[in-house]
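Under this note's numbering, the first residue of the sequence shown is numbered 53, with each subsequent residue one higher. Ideal Cβ placement from N, Cα and C applies to all residues, glycine included. Only a predicted model underlies this, so the values are computations on that prediction, with no experimental measurement involved.
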Amino acid sequence: MGMYDIGCAVTADLNRYMRQLDEADRRDSAIDDRAEELIRDGEECDPFTVFNLSEALGELDGTAMEALCKLFKDGNTAGAGLALDALVKDYWKRSARKQAEREIENSTCHHCYDRGCYRCDPPDLIVTGK
């Protein structure tokens, strides 16, 4: 048995820390993936459905509305359209991220966050009569 075969507290702490980092990376990745799914065309947080566009416009603060009005008054409809596009998309990206975080926090499998893995979706075992 060599010197490196003996575990020590420092190695155990380092391994525990590395596992926590891996879990945090998996969690963040699952949140990012879910948020991207939610914001896709036709999905729950699609920025440009009638109701979602209306909601985003209703949530704009006074400063953003004043800036949009100024662009329209100045005849800069292209600039106003780009600004409106960015404001609405940002609103729904934040909403999708918050919803994804809630879903991941409430997931039952903290390995894959209910995205499907061998722990929560074990493969079917084929039983033969032999």
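Considering just the uninterrupted stretch of the alpha helix (DSSP H) at residue i, what are its terminal residues?
i, result
"asparagine 67", "61 to 91"
Once DSSP output is grouped into helix, strand and coil, what is the label at residue i?
i, result
"glycine 131", "helix"
"cysteine 121", "helix"
"leucine 112", "coil"
"glutamate 107", "helix"
"serine 159", "coil"
"glutamate 153", "helix"
"aspartate 142", "helix"
"aspartate 137", "helix"
How big is the Cα-Cα spacing for residue i and residue j?
i, j, result
"tyrosine 143", "alanine 61", "47 Å"
"glutamate 95", "glutamate 89", "7 Å"
"serine 147", "tyrosine 69", "31 Å"
"cysteine 161", "serine 106", "36 Å"
"glycine 131", "glutamate 111", "20 Å"
"aspartate 80", "leucine 123", "37 Å"
"methionine 53", "aspartate 65", "The predicted position of methionine 53 is uncertain, since its pLDDT is 48 and thus under 50; a value taken from the coordinates is nonetheless stated next. Taking the straight line from one Cα to the other gives about 22 Å."
"glutamine 72", "lysine 125", "53 Å"
"threonine 129", "alanine 135", "10 Å"
"glutamate 75", "asparagine 67", "12 Å"
"cysteine 121", "threonine 101", "22 Å"
"aspartate 137", "glycine 127", "17 Å"
"glutamate 118", "threonine 63", "58 Å"
"leucine 263", "lysine 141", "With the chain covering 53 to 182 only, the question about residue 263 has no answer from this structure."
Suppose the cutoff is 7 Å on Cβ atoms and the five residues either side in sequence are ignored; what does the same chain contact list for residue i look like?
i, result
"alanine 116", "Leu139"
"glutamate 153", "Ile83"
"glutamate 155", "Arg86"
Skipping 5 residues on each side, what residues in its chain have a beta carbon closer than 8 Å to that of residue i?
i, result
"arginine 149", "Ile83 and Ala87"
"arginine 92", "Asp98"
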